[in-house]
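Enquirer: Going by full-length UniProt numbering, the first residue of the sequence shown is number 1, and it counts up by one from there.
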Amino acid sequence: MFDNPEFIANPYPTYSDLRSHSPIHWVDILGGAWLLPRYDDVVNALRDPRLSAQQSDLFFADFPPEMQGEFAEFNRIFGMWLLSLDGAEHNRVRKLMNKGFKMALQNLRPRIQKVTDLLLDRVQATGEFDLMRDFALPFPMLVMAEMLGVDSQDRDDFISWSEDILIIADAPQVTLELARQAQKSLIALNEYFRTIIAERRQNPGDDLISFLIHAEEDSVLTTDEVIAQSSQLIAAGYASIRNFLGNGIYLLLKHIDQWEILRNNPSLMPNALRELLRYESSAQFATRFAREDFFLHDRLIKKGQTVIALIGSANRDPEKFPNPDVLDITRNADHHLAFGYGAHACLGATLTYIQAEIAFLTVIQRMPNLRLVNDTPEWNPGLLFRGFNSLPLLF
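1. Near G342, what residues of its chain come up, given a Cβ to Cβ distance below 7 Å and the 5 sequence neighbours on each side ignored?
2. Which residue comes first and which comes last in the alpha helix (DSSP H) that contains W26?
3. Kindly confirm or deny that the stretch 138 to 149 and the stretch 171 to 180 touch, where touching means at least three C-beta pairs closer than 8 Å.
4. In the DSSP assignment, find the unbroken beta strand (DSSP E) run with A286 in it and report its ends.
5. Comparing C-alpha positions only, which one of N264, Y192, S313 sits nearest to S20?
6. Can you find the residues in the same chain that come closer than 6 Å, C-beta to C-beta, to I364, ignoring five residues on each side of it along the sequence?
7. From G31 to D3, what does the alpha carbon distance come to, in whole angstroms?
8. Assuming V307 is part of the beta strand (DSSP E), what are its boundary residues?
9. Do L137 and R299 have their CB atoms nearer than 8 Å?
10. If you compare alpha carbons, which of N10, L166, E292 is closest to L233?
11. Can you give, in chain order, each stretch of the beta strand (DSSP E) that sits fully within the stretch 28 to 109 and has at least 3 residues?
12. Look up A333 in the DSSP assignment and say whether it is helix, strand or coil.
13. Using a Cβ-Cβ cutoff of less than 7 Å, which residues in the same chain neighbour Q183 once the five nearest sequence positions on both sides are dropped?
14. If you check the beta carbons only, do M80 and A228 fall under 8 Å apart?
15. Counting pairs of Cβ atoms below 8 Å between the stretch 269 to 284 and the stretch 331 to 348, do you hit three or more?
16. Taking only three categories from DSSP, how would you classify A283?
17. Taking 8 Å as the threshold (beta carbon to beta carbon), is Q55 in contact with chain C?
18. Which partner residues of D130 appear in the DSSP bridge assignment?
19. Give the list of continuous alpha helix (DSSP H) stretches no shorter than 4 residues that lie fully inside the stretch 342 to 392.
20. I want to know whether the stretch 146 to 156 touches the stretch 103 to 113 - three or more CB-CB distances under 8 Å.
21. Is it the case that the Cβ atoms of L394 and R366 are separated by a distance below 8 Å?
22. Quick check on the burial criterion: 16 or more other C-beta atoms within 10 angstroms. Buried or exposed for K302?
23. Between which two residues does the beta strand (DSSP E) harbouring L221 extend?
24. Evaluate Q124 with the Cβ neighbour count: other Cβ atoms within 10 Å of its Cβ, from every protein chain shown; 16 or more gives buried, anything less gives exposed.
25. Write down the C-beta distance between N389 and M67 rounded to the nearest angstrom, noting that I regard them as a contact closer than 8 Å.
26. Classify F60: buried if its beta carbon has 16 or more other beta carbons within 10 angstroms, exposed otherwise.
27. Here's a check: name, in chain order, each residue in its chain whose Cβ is nearer than 8 Å to the Cβ of L273, leaving out the five neighbours to either side.
28. Please check the pair I213 and I197, which I expect to be a contact at CB under 8 Å, by giving their CB distance rounded to whole angstroms.
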């Protein structure tokens with residue numbers, strides 16, 4: 001299903017069929033999994049304590065047992081990412097990360113504006129550019145470099161490492177080659193931050209890493225936890241904003257009436273961002289694992305089984321959002337699930353909104369006549385992330 005070309009181009013008719021036929025479906029992907037397509041069930045799953053977010057073991061489950069041990073280091077590191085933690089451990093790390101984010105965001109807006117202008121200045125005189133290559137790909141890494149206090153010249157390494165790591169969650173089939181490259185890149189990213197942390201101990205700043213190091217010195221975080229959260233911010237943050245920028249600009253230009261409404265009423269931007277996220281979620285699902293046997297809609301979910309909460313489907317559920325297949329930036333889409341829900345809701349949601357607001361407003365102001373070169377660009381064929389590799393534009 002997920003690797004069907006028609007589904008990749010437009011998954012929403014399939015989601016509609018799933019919602020209308022049953023609240024729960026068994027499929028053979030990922031070694032067998034339960035799909036939840038309806039909004040209320042997705043919300044309940046994402047806050048259900050019987051379901052765990054720990055998922056690193058899933059990535060290599062199709063490999064023979066004698067080969068799975070090769071990826072113990074990937075599992076160890078990924079297992080410390082905030083998105084993989086449960087219960088008290090998750091709450092402890094999340095509390096610190098929330099505090100660190102609030103501190104880091106205080107003076108970030110002018111830096112984000114500077115990054116936005118820098119990238120647009122490079123293409124302003126050309127009359128055309130590829131939004132993904134020239135803007136959406138470098139943008140999140142430059143912003144994250146500002147937030148973490150690392151060298152922006154390392155952004156190409158960040159992008160390469162992040163894409164290698166994220167392909168594990170996105171690829172329809174994880175090959176041995178992909179798995180080995182993902183582990184190699186995750187280790188490289190971790191070692192990069194190990195070096196940065198050693199330097200920052202000697203010369204602390206007002207950045208997020210310095211804050212986390214201080215938490216480590218107070219015996220709240222270990223060094224490995226500081227490294228793990230830093231690497232998660234780079235990799236996961238990159239995918240989220242990259243796809244949001246690409247998808248959002250594409251949708252506004254595809255629905256040019258919405259572009260014009262927003263251009264003439266920029267105060268609608270906060271509302272527009274929520275509707276764009278609802279309409280085309282960057283992450284199409286969230287994966288959970290049953291801690292115990294339990295029944296859901298009269299179906300037995302067995303301990304250890306995979307449950308996939310279909311965020312992309314939930315955000316188009318007509319029971320929650322009337323006329324869900326209509327893009328309407330004046331709609332109240334506050335309850336979209338693009339950032340998840342509950343304890344594991346995206347830590348960087350506020351940062352993503354700030355980045356997108358500045359980027360979209362600046363693009364609209366500087367390029368009011370922006371238009372698509374191709375009305376039907378090719379969507380990436382990944383399982384998890386919905387977005388483009390290329391989006392040529394004229395202005």
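Beta carbons: idealized from backbone N, C-alpha and C, even for Gly.
Expert: So, from the data block:
1. Residue 342 sits at position 342 when you count from the first residue of the sequence shown. Answer for G342: L46, R47, listed in chain order.
2. As a working mapping, residue 26 is identified with position 26 in the sequence shown. W26 -> not in any alpha helix (DSSP H); beta strand (DSSP E) instead, spanning 25 to 27.
3. no
4. Here residue 286 is taken as the residue at index 286 of the sequence shown, counted from 1. Per DSSP, A286 belongs to the beta strand (DSSP E) from 286 to 290.
5. Reading the sequence shown from its first residue, position 20 is the one you call residue 20. Of N264, Y192, S313, the residue nearest in Cα terms is S313.
6. Translated into positions along the sequence shown, residue 364 becomes position 364. Within the same chain, I364 has close Cβ partners R263.
7. Within the sequence shown, residue 31 is the residue found at index 31, counting from 1. Within the sequence shown, residue 3 is the residue found at index 3, counting from 1. Each residue's CA atom was taken as its position, placing G31 and D3 some 15 Å apart.
8. Within the sequence shown, the letter at position 307 stands for residue 307. Counting along the chain, the beta strand (DSSP E) containing V307 begins and ends at 306 to 309.
9. As a position in the sequence shown, residue 137 is number 137, starting the count at 1. As a position in the sequence shown, residue 299 is number 299, starting the count at 1. For L137 and R299, no; Cβs fall outside 8 Å.
10. Indexing the sequence shown from 1 puts residue 233 at position 233. The option with the nearest alpha carbon to L233 is L166.
11. 33 to 36
12. Numbered from 1 along the sequence shown, position 333 holds the residue referred to as residue 333. A333: coil per DSSP, three-state reduction.
13. Walking along the sequence shown from the start, residue 183 turns up at place 183. Result list for Q183: F71, E73, F74, in chain order.
14. Here residue 80 corresponds to residue number 80 of the sequence shown, with the count starting at 1. Here residue 228 corresponds to residue number 228 of the sequence shown, with the count starting at 1. Yes, Cβ-Cβ distance for M80 and A228 is below 8 Å.
15. yes
16. Translated into the one-based positions of the sequence shown, residue 283 becomes position 283. Strand.
17. Although the question refers to chain C, the structure presented lacks it and comprises just one protein chain.
18. Here residue 130 refers to the residue found at position 130 when the sequence shown is read from its first residue. Looking at the DSSP assignment, D130 forms a beta bridge with P392.
19. 349 to 366
20. yes
21. Position 394 of the sequence shown, counted from the first residue, corresponds to residue 394. Position 366 of the sequence shown, counted from the first residue, corresponds to residue 366. It is not a contact, given that the beta carbons lie outside the stated cut-off.
22. The residue you call residue 302 lines up with position 302 of the sequence shown. K302 is exposed by the Cβ-count criterion.
23. Indexing the sequence shown from 1 puts residue 221 at position 221. Per DSSP, L221 belongs to no beta strand (DSSP E) and is neither H nor E.
24. As a first step, residue 124 is located in the sequence shown; it is residue number 124 there, counting from the start. Exposed: under 16 other Cβ atoms inside 10 Å.
25. Against the sequence shown, residue 389 aligns to sequence position 389. Against the sequence shown, residue 67 aligns to sequence position 67. Contact doesn't hold; Cβ gap of about 30 Å is too wide.
26. Position 60 of the sequence shown, counted from the first residue, corresponds to residue 60. Result: buried.
27. If you number the sequence shown from 1, residue 273 lands on position 273. Result list for L273: G248, Y353, A356, E357, F360, in chain order.
28. Position 213 of the sequence shown, counting from 1, holds the residue named residue 213. Position 197 of the sequence shown, counting from 1, holds the residue named residue 197. Taking C-beta atoms under 8 Å as the contact rule, I213 and I197 qualify, at a distance of about 6 Å.
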